[in-house]
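Okay, so the sequence shown: first residue is -17 according to our numbering, each after it adds one. All residues carry an ideal CB built from backbone N, CA and C; glycine is no exception.
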Amino acid sequence: MKKILAFALLSLSVFAGDFEDGLAAYKNADYASAFEKFNTACMNKNAAGCEQVALMYHTGKSVKKDVSKAFSLYLQACEAGQKHSCSMAGGMQDMGEGTKIDKENAMKLLVKACDLNDAHSCAVVGSFHLEKQTPDSLKTAKNLFQKACDLGDRLGCMWAEDLSRSKKI
-17 MKKILAFALL SLSVFAGDFE DGLAAYKNAD YASAFEKFNT ACMNKNAAGC
33 EQVALMYHTG KSVKKDVSKA FSLYLQACEA GQKHSCSMAG GMQDMGEGTK
83 IDKENAMKLL VKACDLNDAH SCAVVGSFHL EKQTPDSLKT AKNLFQKACD
133 LGDRLGCMWA EDLSRSKKI
């Protein structure tokens, strides 16, 4: 039992090491090595590694640009709780980039990103509610913009302030 536990702990540190090694390689502009390390981390269930591989496919950094692969990897990382990946996948789905347009699922992904405290996603979801112009949707928009503001989004602050002065709420 002790041997199994020791092996499991060693494996975890090796997999975490791939991600850290990928960050170091990326920082040193060794993008091919970074991709390899991030990809290994991703294959070993490291969501942050999957997010970095997705970003590299999305931008074409050291690999052939492939927005479909990027979308798929962003979804995988989102399911594991990576807020930026949820935001990216939501935006891609909203625009039909690398996948078919699905406004409903895009909104679910952006809401999840907001729930994970992604400031930009909170502002985006707030803007969808703002467009509806009903008293309930305006109140929801104001709350989302305030959350975005509290998380550091300047545009969210501006919109929350504007809605605070609104007579429609």
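Can you check whether the CB of C68 is closer than 9 Å to the CB of A95? Along the sequence shown, one-based indexing puts residue 95 at 113. Along the sequence shown, one-based indexing puts residue 68 at 86. Closer than 9 Å, so yes.
Could you give the first and the last residue of the continuous alpha helix (DSSP H) run that contains A152? For the chain, the structure presents residues -17 to 151; residue 152 sits outside this window and is missing.
When the Cα atoms are used, what is the spatial distance from L57 to F110? Counting from one through the sequence shown, the residue named residue 57 turns up at place 75. Counting from one through the sequence shown, the residue named residue 110 turns up at place 128. Spanning the two alpha carbons is a distance of roughly 21 Å.
Roughly how many whole angstroms lie between the Cα atoms of A29 and H66? In the sequence shown, residue 29 corresponds to position 47, counting from 1. In the sequence shown, residue 66 corresponds to position 84, counting from 1. C-alpha separation (whole angstroms): 11 Å.
Identify, in the order they occur along the chain, each residue of the same chain with its Cβ nearer than 6 Å to the Cβ of L91, setting aside the five sequence neighbours on each side. By one-based count along the sequence shown, residue 91 stands at place 109. Take L91, set aside five residues on each side of it, and the residues of its chain with a beta-carbon closer than 6 Å to its own are C68, A71, G72, in chain order.
So, at 8 Å on beta carbons, what are the nonlocal neighbours of I151 in its own chain, with the 5 sequence-adjacent residues on each side left out? To locate residue 151, count along the sequence shown from 1; it is residue 169. Cβ neighbours of I151 beyond the five flanking positions: P117, L120, K121, K124, L145.
Out of L5, K129, N87, which one is the CA nearest neighbour of F17? Reading the sequence shown from its first residue, position 35 is the one you call residue 17. That would be L5, whose Cα lies nearest to the Cα of F17.
When the Cα atoms are used, what is the spatial distance from K27 to S148? Sequence index remark: in the sequence shown, residue 27 carries index 45 (1-based). Sequence index remark: in the sequence shown, residue 148 carries index 166 (1-based). The alpha-carbon of K27 is positioned some 47 Å away from that of S148.
Please say whether G80 and D48 have beta carbons closer to each other than 9 Å? As a working mapping, residue 48 is identified with position 66 in the sequence shown. As a working mapping, residue 80 is identified with position 98 in the sequence shown. Yes; because the gap between Cβ atoms is below 9 Å, this pair is in contact.
DSSP state of G108 mapped onto helix, strand, coil: Here residue 108 refers to the residue found at position 126 of the sequence shown. DSSP, read as helix, strand or coil, puts G108 in helix.
Would you mind reading off the limits of the alpha helix (DSSP H) that contains N87? On the sequence shown, position 105 is the one that residue 87 refers to. Unbroken alpha helix (DSSP H) run through N87: 85 to 97.
Let me make sure I understand the geometry here. Which of Q64, N10, A36, A14 has the alpha-carbon closest to that of D100? Within the sequence shown, residue 100 is the residue found at index 118, counting from 1. The closest CA to that of D100, considering only Q64, N10, A36, A14, is found on Q64.
Alpha carbon to alpha carbon, how far is H102 from E61? What you label residue 102 is simply residue 120 of the sequence shown in a count that begins at 1. What you label residue 61 is simply residue 79 of the sequence shown in a count that begins at 1. Looking at the backbone, the Cα of H102 and that of E61 are separated by about 19 Å.
Please list, in chain order, all residues of the same chain as C193 whose beta carbon is under 6 Å from its beta carbon, the five residues on each side excluded. The question about residue 193 has no answer here: the residues shown for the chain are numbered -17 through 151.
C-beta neighbour in chain B for T22, strict 9 Å: Among the chains in the structure shown there is no chain B, since it carries only a single protein chain.
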